[in-house]
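The block underneath contains the structure these notes are about, expressed in structure tokens.
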Amino acid sequence: MKRLIAIGVCACVFFGGAVLSPFAEAIEKKGEGKKAQATKKTEPESWVARVNDKYITLEDFNKRWNSIPFQFKYQYGLFGPEGKEKVLDTLIKNELLYQEAVKKGIDRREEIKQRIEDLRRQVIAEELLREEMQGMEASDSEALDYYNRNKEEFGEPEKVRVRHILVKAETEANEVLEKLKKGQDFAKLAQEYSIDPGTKDKGGELGFFPRGQMVPEFEEAAFKLKVGELSEPVKTFYGYHIIEVEEKKESTQKSFEEVKEDARNAALQEKQRKRFEDFLEQLTRKAKIERNLQLFKD
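So for the sequence shown, my numbering puts the first residue at 13; every next one is plus one.
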């Protein structure tokens, strides 16, 4: 859902979309002219708020309240009467913004109508997919199969903890390396010579990292070194590095039983993706689709 406005206490950013923005609410309000006129004359039996001539009924509030996922209620402290009051305040602010937008004719702008229509189509399509996926589960055997095919997802890769000193010139790197070999303190030399602003004041510490996070030349040298070993000057795009490995962690693999539910969830997502692709392919085969790609070339 698009977030259109951010005002004050985030009146338009609503708990994961469970409480709608003015833009999304416009879908509900579209075509409600006669209904709106009726609310001016007839007061509903159970209402929790009135914003000018618009009532927020208890039924409407409960629909919004019950649609907020538990994790969002937990995150924002939405429990008990106080939590409900927070949501009601949000609905009131939402209504105020909507009414003001209507006064200014924003709802009649063509680009707004198009965005509302786009969102309406998106919501309907998403509901179709939700119904198509409803009831899908992943069995133990499917979870195990996914685990066996994707073991790298269920473990920790090999990591090294290093510190480095980065300088511009190779001659300077060799000078620093000689001082280190003579026993001078690595951290002090990093503070004195390193041009890496992110690590020089921390003694050159880079912490742990796995393969794939550093530039290739640096990574290759770091993973080849033994603990406590110093590298020769390593040239990268940034300059010349002197690297020292302080600690190594070997890769670990978790057993299936340890990650069974994670594997089940991943297997279910894989099944859902496959179902989506098959469903879309089925619709495509049934449909008559023509493409006029020549227009792209003009």
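Where a beta carbon is used, it is the ideal one built from N, C-alpha and C, also for glycine.
Where residue i falls: helix, strand or coil (DSSP)
{"i": "A61", "result": "strand"}
{"i": "R121", "result": "coil"}
{"i": "L280", "result": "helix"}
{"i": "I254", "result": "strand"}
{"i": "F35", "result": "The predicted position of F35 is uncertain, since its pLDDT is 43 and thus under 50; a value taken from the coordinates is nonetheless stated next. Here F35 sits in helix by DSSP."}
{"i": "E259", "result": "strand"}
{"i": "K247", "result": "strand"}
{"i": "K52", "result": "Per-residue confidence for K52 stands at a pLDDT of 49, beneath the threshold of 50, marking its modelled position as unreliable; the derived number appears in the next sentence. The answer is helix: DSSP assigns K52 an H, G or I state."}
{"i": "E144", "result": "helix"}
{"i": "G45", "result": "Confidence is the limiting factor: at G45 the pLDDT is only 47, short of 50, which leaves the residue's position unreliable and the question unanswerable from this model."}
{"i": "K298", "result": "helix"}
{"i": "P209", "result": "coil"}
{"i": "R237", "result": "The sequence given here has Leu at residue 237, not Arg. DSSP places L237 in coil when its eight states are reduced to three."}
{"i": "L242", "result": "strand"}
{"i": "P222", "result": "strand"}
{"i": "L305", "result": "coil"}
{"i": "I177", "result": "strand"}
{"i": "K116", "result": "coil"}
{"i": "V271", "result": "coil"}
{"i": "E3", "result": "Shown here, the chain extends from 13 to 310; a query on residue 3 therefore has no answer."}
{"i": "E138", "result": "helix"}
{"i": "I68", "result": "strand"}
Buried/exposed call for residue i, threshold 16 Cβ in 10 Å
{"i": "I136", "result": "exposed"}
{"i": "L292", "result": "exposed"}
{"i": "T296", "result": "exposed"}
{"i": "F249", "result": "exposed"}
{"i": "M148", "result": "exposed"}
{"i": "S7", "result": "Examination of residue 7 is not possible in this model, given that the chain is present from 13 through 310 alone."}
{"i": "A299", "result": "exposed"}
{"i": "R303", "result": "exposed"}
{"i": "G219", "result": "exposed"}
{"i": "I255", "result": "buried"}
{"i": "T102", "result": "buried"}
{"i": "A278", "result": "buried"}
{"i": "R142", "result": "exposed"}
{"i": "P34", "result": "Reliability fails at P34, whose pLDDT of 43 lies under 50, so the model's placement of it is uncertain and the value that follows must be treated cautiously. With 16 or more Cβ atoms within 10 Å of its Cβ, P34 is classed as buried."}
{"i": "E107", "result": "buried"}
{"i": "R121", "result": "exposed"}
{"i": "K193", "result": "exposed"}
Identity of the residues DSSP links to residue i by a beta bridge
{"i": "Q265", "result": "G167"}
{"i": "L228", "result": "Rather than Leu, the amino acid found at residue 228 in this sequence is Pro. According to DSSP, P228 bridges with nothing at all."}
{"i": "R132", "result": "None, per the DSSP bridge assignment."}
{"i": "V99", "result": "V99 pairs with nothing; no bridge assigned."}
Rounded distance between the beta-carbons of residue j and residue i, thought under 8 Å
{"i": "V63", "j": "Q134", "result": "Not confirmed; about 27 Å, so no contact."}
{"i": "A202", "j": "R175", "result": "7 Å"}
{"i": "G167", "j": "Q265", "result": "4 Å"}
{"i": "V227", "j": "Y159", "result": "Actually they are not in contact, since the Cβ atoms of V227 and Y159 sit about 33 Å apart, beyond 8 Å."}
{"i": "E229", "j": "K247", "result": "7 Å"}
{"i": "Q294", "j": "M145", "result": "So it is not a contact: roughly 14 Å between Cβ atoms."}
{"i": "V99", "j": "R76", "result": "7 Å"}
Counting pairs of beta carbons, one from the stretch 210-217 and one from the stretch 185-202, are three or more of them closer than 8 Å? yes
Three or more C-beta pairs below 8 Å linking the stretch 97-117 and the stretch 220-237: No, because fewer than three Cβ pairs between the stretch 97-117 and the stretch 220-237 fall closer than 8 Å, the two stretches do not touch.
Three CB pairs or more closer than 8 Å across the stretch 120-127 and the stretch 75-90: no
Would the stretch 259-273 and the stretch 177-188 be scored as touching if the rule is three or more Cβ pairs under 8 Å? Here the stretch 259-273 does not lie against the stretch 177-188, with fewer than 3 beta-carbon pairs under 8 Å apart.
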